[in-house]
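Reading through the structure tokens given below for one structure.
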Amino acid sequence: MFSNLPPVTKALLIANAAVFVLQLLLGDFALAAFMLWPLGAGTGAPAPYEFLPWQLLTYGFMHGSFGHLAFNMLALLMFGAPLEHVWGERRFLTYFLSCVAGAAVCQLAVGWWTMSAGGPAYPTVGASGGVFGLLLAYGMLFPHQRVMLLIPPVPMKARTLVIVYGLIELLLGFSGWQPGVAHFAHLGGMLFGWLLIRYWRGQPPFGGRRGPPKIRIVR
Numbered sequence: 383m384f385s386n387l388p389p390v391t392k393a394l395l396i397a398n399a400a401v402f403v404l405q406l407l408l409g410d411f412a413l414a415a416f417m418l419w420p421l422g423a424g425t426g427a428p429a430p431y432e433f434l435p436w437q438l439l440t441y442g443f444m445h446g447s448f449g450h451l452a453f454n455m456l457a458l459l460m461f462g463a464p465l466e467h468v469w470g471e472r473r474f475l476t477y478f479l480s481c482v483a484g485a486a487v488c489q490l491a492v493g494w495w496t497m498s499a500g501g502p503a504y505p506t507v508g509a510s511g512g513v514f515g516l517l518l519a520y521g522m523l524f525p526h527q528r529v530m531l532l533i534p535p536v537p538m539k540a541r542t543l544v545i546v547y548g549l550i551e552l553l554l555g556f557s558g559w560q561p562g563v564a565h566f567a568h569l570g571g572m573l574f575g576w577l578l579i580r581y582w583r584g585q586p587p588f589g590g591r592r593g594p595p596k597i598r599i600v601r
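Position 174, counted from 1, in the sequence shown is what the working numbering calls 556; the numbers after and before it change by one each time, with no gaps.
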């Protein structure tokens with residue numbers, strides 16, 4: 383099965399697993415410069431504990447636990463492979479990385495707000511922002527495809543799954559019932575994914591369709 387996966391999905395699975403092994407071997411401190419740190423976190427702290435531009439992407443290849451990694455990779459396998467088959471390698475990779483970076487932008491805003499309110503500076507890791515973007519895209523491209531949840535094991539349409547997960551993330555983000563999880567980063571991945579798909583389709587708030595130029599026949 384693994385050998386039949388599309389190349390980008392396979393490469394992302396391998397990259398995430400390899401980075402997790404590095405985390406186990408080297409320890410998180412050695413890789414702290416690749417986690418996503420809030421803006422201004424490095425004030426008066428050692429150099430690794432500050433925001434650096436490459437963290438907008440590198441944090442998405444690190445994970446806090448094996449369970450965290452396994453959940454994200456299962457979702458990448460379930461939703462990423464079908465999307466890559468439809469979009470092709472380049473568009474799929476562009477979409478996934480855009481969702482990872484978009485989730486990071488939202489998390490930077492949350493981190494700045496937390497620090498301005500006197501909260502601590504803490505790093506963010508995980509591919510969840512990209513994965514939630516894939517979930518949204520799957521729901522938009524295959525809205526009536528039935529999928530089975532693991533917990534609870536309830537089948538539902540992909541479009542319904544997207545709505546349910548989006549509402550849950552909103553509730554958890556504003557209520558604070560599940561601290562230590564970047565819920566607004568998850569929503570940011572979905573938001574930026576939605577915007578990118580709208581851009582590709584030429585739908586509001588963007589302009590004309592982004593397809594090949596029309597050919598005008600001159601007689």
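Cβ coordinates follow ideal geometry from the N, Cα and C atoms, glycine included.
Going by DSSP, which residues form a beta bridge with M538?
DSSP, once it has assigned bridges, lists V529 as partnering M538.
Would you mind working out which of K539, P420, V507, F574 sits nearest S447, comparing C-alpha positions?
Cα-wise, what sits closest to S447 is V507.
Check whether the region 412-423 touches the region 432-442, taking contact to mean three or more Cβ pairs, one atom from each stretch, closer than 8 Å.
Counting Cβ pairs under 8 Å, three or more are found: they touch.
Report back the beta-carbon spacing between A519 and V529 to the nearest angstrom; my notes put them in contact at under 8 Å.
A519 to V529, Cβ: 13 Å. No contact.
Would the region 465-476 and the region 389-397 be scored as touching if the rule is three or more Cβ pairs under 8 Å?
Enough Cβ pairs lie closer than 8 Å, so yes.
Within 10 Å of its beta-carbon, does P535 have 16 or more other beta-carbons around it, so buried, or fewer, so exposed?
Exposed: under 16 other Cβ atoms inside 10 Å.
Counting pairs of beta carbons, one from the region 399-412 and one from the region 483-494, are three or more of them closer than 8 Å?
Short answer: they don't touch.
Can you give me the Cβ contacts of L395 inside the same chain, cut-off strictly under 6 Å, excluding the 5 residues immediately before and after it?
Correct list, in chain order: M455.
G521 lies in the alpha helix (DSSP H); which residues open and close that run?
From DSSP, the alpha helix (DSSP H) with G521 extends over 510-523.
Since L517 and F461 are thought to touch, with beta carbons under 8 Å apart, how far apart are those beta carbons, to the nearest angstrom?
Contact holds; Cβ gap of about 6 Å.
Below 8 Å on the Cβ atoms is my guess for H568 versus A485; work out the distance and round it to an integer in Å.
Between A485 and H568 the Cβ distance is about 7 Å, and since that is below 8 Å, they are a contact.
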